[in-house]
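Visitor:
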Amino acid sequence: MNGEPSDAQSENPEPPPAEPAPPQPQHMVLCRRCRRFSPADAVRCLFCRAPSRDPEAERSAARERFETEETGKRFSALFWIFGLLLAVNVQLFWYFRDTPDVKPLTEPMVRNSAMALTVAEAVDALLVIFAFARLRTVIEPAPGIGRRRRLGWLLAIPLLALLLAANTGYHWVLMTIADIKPEVDEIVTSGHHRIWLLALYCVQPAIIEELFCRRLAFDFFSHHTTVGTAAFASAAMFASMHTGALVAFPYFVLFGFVMAWLRWWSGSLVLPMILHFAHNFLISIHELATT
Amino acid sequence: MNSPYASLATSARSQELKKARGILWFVGIITILFQGFLFANARNELDEAINAELGKNGTTLSQVQTLPAEARAEFDKRYTSAFGKVRLIYGAGIALGVIFVLCALSVDKKPVAATVTGLVLYLGSLAVQAAIEPSTIVQGIIIKILIVGGLISSVKAALAIEKERRSQAAG
Chain G
578 MNGEPSDAQS
588 ENPEPPPAEP
598 APPQPQHMVL
608 CRRCRRFSPA
618 DAVRCLFCRA
628 PSRDPEAERS
638 AARERFETEE
648 TGKRFSALFW
658 IFGLLLAVNV
668 QLFWYFRDTP
678 DVKPLTEPMV
688 RNSAMALTVA
698 EAVDALLVIF
708 AFARLRTVIE
718 PAPGIGRRRR
728 LGWLLAIPLL
738 ALLLAANTGY
748 HWVLMTIADI
758 KPEVDEIVTS
768 GHHRIWLLAL
778 YCVQPAIIEE
788 LFCRRLAFDF
798 FSHHTTVGTA
808 AFASAAMFAS
818 MHTGALVAFP
828 YFVLFGFVMA
838 WLRWWSGSLV
848 LPMILHFAHN
858 FLISIHELAT
868 T
Chain V
427 MNSPYASLAT
437 SARSQELKKA
447 RGILWFVGII
457 TILFQGFLFA
467 NARNELDEAI
477 NAELGKNGTT
487 LSQVQTLPAE
497 ARAEFDKRYT
507 SAFGKVRLIY
517 GAGIALGVIF
527 VLCALSVDKK
537 PVAATVTGLV
547 LYLGSLAVQA
557 AIEPSTIVQG
567 IIIKILIVGG
577 LISSVKAALA
587 IEKERRSQAA
597 G
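Quick note, the sequences are listed as chains G and V, same order.
Going by this note's numbering, the residue at position 143 of the first sequence is 720; the numbering climbs one at a time, nothing skipped.
Going by this note's numbering, the residue at position 44 of the second sequence is 470; the numbering climbs one at a time, nothing skipped.
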């Protein structure tokens, strides 16, 4: 065998080195009509002017279109719930506008007001729970949430103190500029049904508003934009929901912004809920104490 | 993002943002002018309302103002407080208009924040107007629907634009 290297070579000739494959156009598309390549971003074939068709681009466009439509649907759902919450607020406003302006409020008047508040808050709660049940699977928390859990819990109390100070300062400035005295909440300070009223002022908003603004709105926006912008957008929604106190819009934006960041840092709704409850409770207690 | 479809979509979204900017400028300037007029006219409006109330008892504001200072001390105190409240409400209205203008100015930089804030603030202000005066719900309802519809489509476009920017930034 060794003596016939030439025969072996002739029987098993080494395959000739493969010719380098023609360069595959990376960003080119084949024209269906003239079978020549044109750049993928050209709207028409450069040779025969036939409309270009890039399957990958078409798939990508279809995927993008689907995502855009889904985003639009989710935003529309959030927007409708937001609109209905505003409508409930307006209805409540009309109820209180039509009640006689008698001071001090009697027990039946306070009971009727508390009942109206309870009904409005129950409707709000049903709307938000319905939205949560429908949207929680499609609006998931954005990746990256909850990475600074310890920081969130550590900052909670100092931030609450700062918010309360900002609230007091903001209203003091407003009252000073307008030269008016702050008005107390006649219903809370009437002395009737205190526990019921405190529950209405502190428990329901802490759960329902946080569920809507921080779980649904903030998580939705944080998928599409930066955390800061998502926090601001959800805070703007939160502030606009407080129809009865639109003058305090800047303060509500600040409050919503801080709560959204705490939600982001802690990764949980529990912390914003607790702080929201504590905030409303301390303000109500302060109002009761000063009267 | 170098396909013709992507560039067409981006162009359409940019048009939506331009529309949002136009709407926010329009709403902002109208709000500032209207609320500014009301702010400047606050004293006359309050005097008319007080005259109407006093008229039920057969007196007028000018008659009350001729009373000695001690006799009308309580009246003056309430008048000052009411005047302050009216100015606060109309001042807040002017501030609202300024926020709309700020949103219009920041549409390109922060599309989502600007359009969402503009939309929810506009709806919030409509709700406040409706709460104070229910008849305002139907006043100019077609323009209101057009503004809300335009802002909703702008928010959707802004969400897509910011998502695109983020994915481009991430490489």
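C-beta atoms are modelled at their ideal positions from N, C-alpha and C, and glycine is treated no differently.
If you're wondering where the values come from, they're calculated on a predicted model, not measured in any experiment.
1. By alpha-carbon positions, which one of G:Phe652, G:Asp618, G:Ala742 ends up nearest to Leu712 (chain G)?
2. Out of V:Gln594, V:Leu522, V:Lys535, point me to the one whose CA is closest to Leu549 (chain V)'s CA.
3. Mind checking if Ala743 (chain G) is an interface residue toward chain V, Cβ cutoff 9 Å exclusive?
4. Considering just the uninterrupted stretch of the beta strand (DSSP E) at Phe614 (chain G), what are its terminal residues?
5. Would a check of beta-carbon distances place Thr676 (chain G) closer than 9 Å to chain V?
6. What would DSSP say about Pro677 (chain G), mapped onto helix, strand or coil?
7. Take Ser561 (chain V) as the anchor and find which of G:Trp671, G:Pro681, G:Pro718 has the nearest alpha-carbon.
8. Quick one, which of G:Thr820, G:Ser811, G:Ser843, G:Trp842 has its alpha-carbon nearest Leu831 (chain G)'s?
9. Nearest-angstrom Cα distance between Val778 (chain G) and Val696 (chain G)?
10. Cutting at 7 Å between CB atoms, please list the residues of its own chain near Pro602 (chain G), excluding the five before and the five after it.
11. Tell me the DSSP secondary structure of Pro827 (chain G) in three-state form.
12. Got a sec, what are the start and stop residues for the alpha helix (DSSP H) Met692 (chain G) sits in?
13. Within 10 angstroms of the Cβ of Arg739 (chain G), are there 16 or more other Cβ atoms? Answer buried if so, exposed if not.
14. May I have the straight-line CA-CA distance separating Lys503 (chain V) from Ala518 (chain V), to the nearest angstrom?
15. May I ask you to list the residues that DSSP assigns as paired with Arg640 (chain G)?
16. Phe465 (chain V) to Ala475 (chain V), Cα distance in whole Å?
17. Skipping 5 residues on each side, what residues in its chain have a beta carbon closer than 8 Å to that of Ala468 (chain V)?
18. Hey, Leu545 (chain V) and Ile578 (chain V) are a contact pair by Cβ (cut 8 Å); roughly how many whole angstroms apart?
19. Taking only beta-carbon positions, decide if Val667 (chain G) is within less than 9 Å of chain V.
20. Using beta-carbon positions only, say whether Phe673 (chain G) and Ala693 (chain G) come within less than 9 Å of one another.
Guide: Considering the structure as presented:
1. The option with the nearest alpha carbon to Leu712 (chain G) is G:Phe652.
2. V:Leu522
3. With 9 Å as the cut-off, Ala743 (chain G) does not count as an interface residue toward chain V.
4. 614-616
5. no
6. If DSSP states are grouped into helix, strand and coil, Pro677 (chain G) belongs with coil.
7. With distances taken between Cα atoms, Ser561 (chain V) lies closest to G:Trp671.
8. G:Ser811
9. Inspection of the sequence shows that residue 778 (chain G) is occupied by Tyr rather than by Val. Cα atoms of Tyr778 (chain G) and Val696 (chain G): separation of roughly 13 Å, rounded to the nearest angstrom.
10. With a pLDDT of 48 at Pro602 (chain G), under the threshold of 50, the modelled position of that residue is not reliable, and no figure is offered here.
11. helix
12. Looking at the DSSP string, the run of the alpha helix (DSSP H) that includes Met692 (chain G) is 684-712.
13. In the sequence under discussion, the amino acid at residue 739 (chain G) is Leu, which differs from the Arg named in the question. Taking all protein chains in view, the Cβ of Leu739 (chain G) is surrounded by fewer than 16 other Cβ atoms within 10 Å, so the residue is classified as exposed.
14. 23 Å
15. Its beta-bridge partners do not exist; DSSP assigns none.
16. 15 Å
17. Within the same chain, Ala468 (chain V) has close Cβ partners Phe509, Val512, Arg513, Tyr516.
18. Yes, Leu545 (chain V) and Ile578 (chain V) are in contact; Cβ-Cβ is about 7 Å, under 8 Å.
19. At least one chain V Cβ lies under 9 Å of Val667 (chain G).
20. yes
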